[in-house]
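These notes concern the structure reproduced below.
2 protein chains.
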Amino acid sequence: MAAQPRTNSKKERRQENEKLILAAAEKVFSEAGFGGATMQLIADMAGLPKANLHYYFPTKESLYRQVVENIFQFWLQAADVFDDADDPAEGIGAYIDAKMEISRRHPSGSKVWATEVMHRAPVIQDYLETTLMEWTEGRAAIINRWIAEGRMDPVDPDHLLYMLWATTQHYADFSHQIETLNGGKPLDDAQWEAAKASIKRIILKGIGVTE
Amino acid sequence: MAAQPRTNSKKERRQENEKLILAAAEKVFSEAGFGGATMQLIADMAGLPKANLHYYFPTKESLYRQVVENIFQFWLQAADVFDDADDPAEGIGAYIDAKMEISRRHPSGSKVWATEVMHRAPVIQDYLETTLMEWTEGRAAIINRWIAEGRMDPVDPDHLLYMLWATTQHYADFSHQIETLNGGKPLDDAQWEAAKASIKRIILKGIGVTE
DNA sequence: GTCTATAACCTGATAGAC
DNA sequence: GTCTATCAGGTTATAGAC
C-alpha cells in the first residue's frame, strides 16, 4: 500500500489519541458518572480498542483524574476577566459572561466537576484546599476593596461568589431540565443572550452597581 | 423470652423497614452515584441483610426510583409559600427561605436530584415534562402578574426561577466545596442566616422590590 | 418474613501475539 | 505501539432453608 501522508510524529500521534480519549471520557463520565461509565464505552466513542485506553491511561481512575484536572484548569481561566477590570460592573459582568460561555461550550466538563464535588471531591480535594481557596480569597479581597471604595453595596463576598458560580453553572449542570422546560429544545442564541442579560441585570442591580 | 412490646403491626414494620432502607439509599446514592452505590453498602447502612432489600425493592433501579420520586414530592412542597403570598417580596423571600431550609436539612436528596437531572433524567423524565413544567408555568404566570401590576421589574420569569433554584440548591449540592472554603467546617447557624440574608438582599433588590 | 449461599453476569485490567 | 483473548474480582439478583 502507498504510504499515506504521515505528517504525524509519534509524539503527535500520542497527543492526538490522548485528546480523543479525554474528550470521549469527559462525555461518558458526565452522562453516566464514574461508576456508570465503562472503559468499553469510552473506547467505542473514541474509536479505539479498549486495551489502548489502558496503554495511554493505566487505570480508569487515572483517566478520570486527568479529565477533572483539565476541567479545573479550564475553569480557572475564566477568572482572569475578574482581575483585568477594577470597576465592579465591568469585572463581575465580564465574569458572568465568561462563565456562561463555558457553560454553553463545555457542559460536560461542568457536570463532571459538579459530580466530583458532590461525591466529596475524592480526586481533587487538594485543589479545593489550595488553588481554589487562594483564588476565592483573592477575589473576595477585590470585592471588599470595591465595597470599601463605595462602588457597590456591602455584601458578603463569599455568598456573592457562590451565587455567581451557582447561577452560571446551573445552565450547564441542569441543561437537560432547562431544555425540557424549553419544549425539548436547547436554548438558542437569543435565549442564551437573554439568560446572560437577566443574570447580569438582577445581580448587578442587586449589589448596587447599576441603576 | 418475654415478648418485647410489639406495638408494631406487620404493616407498620414494613413501613419502618422501607423508611430505613430509603434513608440509607438516599445517602449512599448521593455520595457514590447510582453506579457507584452497591446494595451491600445500603444494606449495611440500614442494618439489614442485603437480601431483605430485594424483598422490599425488587431491583436496585426500583429502589433508586423511589428515592428520586420522594425527593421530588418533598421538593414541590416548598413551592406552596409561593402561592400563599401575593406580594413578590414576601412570596419570593419565603420561597428562598424554604428552599434554603431544604438544602440545609436534606442535602443528600438535593444531590440525588441533581445527579439524576445531569444524567438526562433516566427515571423522572416524565415528571419533568408534566408536573415540573406545569409548576413552572404557574409560577411564571404569578411573576408576570406581579410585573404587570408594577410591583417588580420586568424580568424574564424563567431565568429568575432558574436563579432561585441554582442559588439555593448550590448550598446543598456543593456543600462539600463550601465546607472546604469555610475552613473544613460546615456552615453554622449564623452563617446559614447570613447566606439567606445575602441571597434575599441581592435578588429582591435586583428585581426591584426592595430599596 | 428473614437470611445464607450461590448463580449469572459484567467490568477493569493484563498477557502475549503481531 | 496495537489489538485479541482471557483472567480475577466484584455486583445484582435469586434459590431455598428456617
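In the order they appear, the protein sequences are chains U and S.
To get our numbering, take the position in the first sequence, counting from 1, and add 283.
To get our numbering, take the position in the second sequence, counting from 1, and add 283.
From the three backbone atoms N, C-alpha and C, an ideal C-beta is built for every residue, glycine too.
Keep in mind it's a predicted model, so treat the numbers as computed, not measured.
Item, Value
"Separation of S/Ile385 from S/Trp358, as counted between CA atoms", "8 Å"
"DSSP-derived helix/strand/coil call for U/Ser458", "helix"
"Contact list for S/His453 against chain U, beta-carbon separation under 9 Å", "Tyr445, Met446, Trp448, Ala449, Thr450, Gln452 and His453"
"Where the segment 371-397 of chain U meets chain S: residues whose CB sits under 8 Å from a CB there", "Lys394 and Ala397"
"Cutoff 6 Å; reference S/Asp370; Cβ partners in own chain excluding five residues on either side", "none"
"Limits of the unbroken alpha helix (DSSP H) element including U/Pro371", "Pro371 to Arg388"
"Own chain residues within Cβ distance below 7 Å of S/Asn353, not counting five before or after", "Leu305"
"Neighbour list for U/Thr419 in chain S, Cβ cutoff strictly below 8 Å", "Leu464"
"Beta-carbon proximity list for U/Ala491, same chain, < 8 Å, skipping 5 on both sides", "The sequence shown places Gly at residue 491 of chain U, not Ala. Cβ neighbours of U/Gly491 beyond the five flanking positions: Met435 and Asp436."
"Neighbour-count burial assignment, S/Tyr338, 16 or more Cβ in a 10 Å radius", "exposed"
"Exposure label - S/Ser345; buried when at least 16 CB within 10 Å", "exposed"
"For S/Lys394 and U/Arg319, the rounded distance between their alpha carbons", "Contrary to the premise, residue 319 of chain U reads as Gly rather than Arg in this sequence. Their backbone Cα atoms lie some 16 Å apart in a straight line."
"Enclosing alpha helix (DSSP H) for U/Ser292 [first to last residue]", "Counting along the chain, U/Ser292 falls outside any alpha helix (DSSP H), and DSSP gives it neither H nor E."
"DSSP three-state assignment for S/Asn465, whether helix, strand or coil", "coil"
"Rounded separation between S/Arg296 and S/Leu331 - CA only", "13 Å"
"U/Met322, DSSP secondary structure in three states", "helix"
"Cβ-Cβ distance between U/Glu399 and U/Val350 below 7 Å", "no"
"U/Gly376 burial status per 10 Å Cβ neighbour count (16 or more: buried)", "buried"
"Test item: CB-CB of S/Ala307 and S/Ala329 under 7 Å", "yes"
"Assigned secondary structure, S/Ile490 (DSSP; H/G/I helix, E/B strand, else coil)", "coil"
"Inter-residue CB distance, U/Met446 and S/Ile482 (contact presumed, cutoff 8 Å)", "7 Å"
"Within chain S, the residues that U/Ser481 reaches when beta carbons sit closer than 8 Å", "Val438, Asp439, His442, Leu443 and Met446"
"Residue-chain proximity (S/Lys468, chain U), Cβ-Cβ < 7 Å", "no"
"Residues within the segment 405-434 of chain S neighbouring chain U, beta-carbon criterion of under 8 Å", "Gln408, Leu411, Glu412, Leu415, Met416 and Thr419"
"S/Lys294, buried or exposed, once every other Cβ within 10 Å from all chains shown has been counted against 16", "exposed"
"Pair within 7 Å by beta-carbon distance, U/Thr463 and S/Leu411", "yes"
"Length of the line joining the Cα atoms of U/Pro341 and U/Ala404", "21 Å"
"Proximity test, Cβ basis, 7 Å: S/Arg348 and chain U", "no"
"Element boundaries [alpha helix (DSSP H), containing U/Thr366]", "Reading off the sequence, residue 366 of chain U comes out as Asp, not Thr. Element bounds for U/Asp366: Asp363 to Asp367."
"Selection from U/Arg484, U/Lys468, U/Phe457 and U/Gly466 that minimises the alpha carbon distance to U/His389", "U/Phe457"
"Cβ distance (whole Å) where U/Ala455 is taken to contact U/Pro440 below 8 Å", "23 Å between Cβ atoms; not a contact."
"Proximity winner among S/Phe312, S/Asn465, S/Ala473 and S/Glu417, relative to S/Arg348 (alpha-carbon distances)", "S/Phe312"
"Between the CA atoms of U/Ser391 and U/Val406 - distance to the nearest angstrom", "18 Å"
"Residue range of the alpha helix (DSSP H) that includes S/Met416", "Met416 to Ala431"
"Where U/Gly316 sits in the DSSP three-state scheme", "helix"
"Proximity test, Cβ basis, 7 Å: S/Ala478 and chain U", "yes"
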